[in-house]
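Trainee: In the numbering used here, the protein residues as written are 9 to 327.
Note that the Cβ used here is the ideal one computed from N, Cα and C, for glycine as well.
1) Go ahead and label residue 214 buried or exposed: buried means 16 or more other beta carbons lie within 10 angstroms of its beta carbon, across all protein chains shown.
2) What did DSSP end up calling residue 112 once you bin it into helix, strand or coil?
3) How big is the Cα-Cα spacing for residue 287 and residue 251?
4) Which residues mark the beginning and the end of the alpha helix (DSSP H) in which residue 313 is found?
5) Taking buried to mean at least 16 other C-beta atoms within 10 Å of its own C-beta, is residue 267 buried or exposed?
6) I want to know whether the stretch 265 to 284 touches the stretch 297 to 315 - three or more CB-CB distances under 8 Å.
7) Specify, as a first and last residue, the run of the beta strand (DSSP E) that residue 140 falls within.
8) Counting pairs of Cβ atoms below 8 Å between the stretch 142 to 154 and the stretch 125 to 132, do you hit three or more?
9) If you run the structure through DSSP and keep just helix, strand and coil, what is residue 197?
10) Give every residue of the same chain whose Cβ lies closer than 6 Å to the Cβ of residue 220, excluding the five residues on either side of it in the sequence, and list them in chain order.
11) Pick out whichever of 131, 264, 231, 271 has its Cα sitting closest to the Cα of residue 255.
12) With DSSP as the reference, please indicate the residues paired to residue 119 in a beta bridge.
13) Give every residue of the same chain whose Cβ lies closer than 7 Å to the Cβ of residue 327, excluding the five residues on either side of it in the sequence, and list them in chain order.
14) According to DSSP, simplified to helix, strand and coil, what is residue 230?
15) With distances taken Cα to Cα, identify the nearest neighbour of residue 132 among 38, 170, 262, 23.
16) When we look at the beta-carbon of residue 78 and count the other beta-carbons within 10 Å, is it buried (16 or more) or exposed?
17) Per DSSP, what kind of secondary structure is residue 85 in: helix, strand or coil?
18) Give the range of the alpha helix (DSSP H) segment to which residue 279 is assigned.
19) Leaving out five residues before and five after residue 16 in sequence, what residues of the same chain have Cβ atoms less than 6 Å from its Cβ?
20) Do residue 24 and residue 37 have their C-beta atoms closer together than 7 Å?
21) Would residue 86 pass as a contact of residue 71 if the rule is Cβ separation under 7 Å?
22) Who are the near neighbours of residue 60 in its chain, counting only those whose CB is closer than 7 Å to its CB and skipping five residues on each side?
23) Excluding five sequence neighbours on each side, which residues of the same chain lie with their C-beta closer than 7 Å to the C-beta of residue 47?
24) Suppose you measure from the CA of residue 208 to the CA of residue 143; what does that come to, to the nearest Å?
25) Which residue from 200, 218, 217 puts its Cα closest to that of residue 211?
26) Alpha helix (DSSP H) containing residue 46: first to last residue?
27) For residue 321, list the residues DSSP reports as bridge partners.
28) Below 7 Å CB to CB, which residues in the same chain sit around residue 155 once its five sequence neighbours on both sides are set aside?
29) Please name the residue, chosen from 35, 30, 44, that lies closest to residue 298 on a Cα-to-Cα basis.
30) Could you compute how far the alpha carbon of residue 241 sits from the alpha carbon of residue 101?
31) Taking the beta strand (DSSP E) that residue 75 falls in, what are its first and last residues?
32) Let me know if residue 42 comes out buried or exposed under the rule of 16 or more other beta-carbons within 10 Å of its beta-carbon.
33) Within 10 angstroms of its Cβ, does residue 228 collect 16 or more other Cβ (buried), or is it exposed?
So, in structure tokens, the structure goes:
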């Protein structure tokens with residue numbers, strides 16, 4: 009089968025199209041004929057071995073696929089340790105989910121990581137309450153574009169989007185944001201307060217890191233919450249001192265999606281089902297960010313790392 013393989017860690021240049029034997033499912037696993045592959049920012053970290061979970065060489069990157077099992081069932085699946093950038097992949101049955109009729113490949117792949125991340129950030133990490141203000145950084149991206157829609161659907165009082173271009177800010181407004189500001193603002197603290205009518209903000213969803221995180225924390229209102237789920241800038245925020253959290257009763261939370269599978273009551277599966285229902289009802293939609301041939305995986309990673317993309321990027325394993 010055709011697959012993208014990494015034999016040395018690095019940037020997009022280490023992604024090579026090769027021929028590999030078909031993977032063989034073990035107990036509790038199934039072989040999936042892949043229709044589309046989701047591309048995530050985490051894949052770029054996986055390729056350079058800078059992700060939370062260490063990578064091992066040789067590596068076929070990719071953590072999400074949609075396709076069909078041997079018995080014809082259409083599933084969207086999360087893969088443990090990669091293997092998604094290929095024509096066929098092995099998926100654990102416990103992380104494979106049926107896709108309802110009417111939900112297309114783009115939506116299924118947008119929701120299984122980005123959608124569930126946005127939902128859990130708002131509900132589990134930030135504990136959104138009706139009427140609260142919500143800042144969504146990178147609001148035109150995979151998680152951000154869904155988070156804007158969910159925040160509005162769940163009663164946020166004011167949704168403030170940040171994005172780096174006029175086109176991205178226009179998309180955020182189209183999706184329901186009340187105001188969209190430049191993510192390159194010189195002082196994000198001031199920019200967020202101004203966008204919120206001079207008041208501090210209640211919730212910030214942040215995947216940027218560095219100064220953006222520092223200045224976002226400084227913009228939080230009493231009992232404000234910042235939910236941190238990525239570090240696209242590859243820059244660490246300043247260390248947080250406990251005494252500074254006391255100043256405004258601030259909460260700073262981190263979230264890594266795999267931990268959701270350890271929650272009782274099938275929280276992940278129920279979250280995904282709810283998102284599918286919202287999509288079928290026309291209340292939340294996935295944003296297409298571009299489809300690349302499997303042989304063009306390098307270009308997809310270059311686009312992601314440039315932070316110039318919007319919505320969800322896909323790979324087509326037939327090309």
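Mentor: According to the structure shown:
1) buried
2) coil
3) 43 Å
4) 305 to 313
5) exposed
6) no
7) From DSSP, residue 140 is part of no beta strand (DSSP E); its letter is neither H nor E.
8) yes
9) helix
10) 196
11) 231
12) DSSP lists no partner for residue 119.
13) 301, 302, 303
14) strand
15) 262
16) exposed
17) strand
18) 275 to 288
19) 22
20) no
21) yes
22) 264
23) 308, 312, 321, 322, 323
24) 11 Å
25) 200
26) Where residue 46 is concerned, there is no enclosing alpha helix (DSSP H), although the beta strand (DSSP E) it sits in stretches over 37 to 47.
27) 47, 298
28) 126, 129, 130, 144, 213
29) 44
30) 34 Å
31) 72 to 77
32) buried
33) buried
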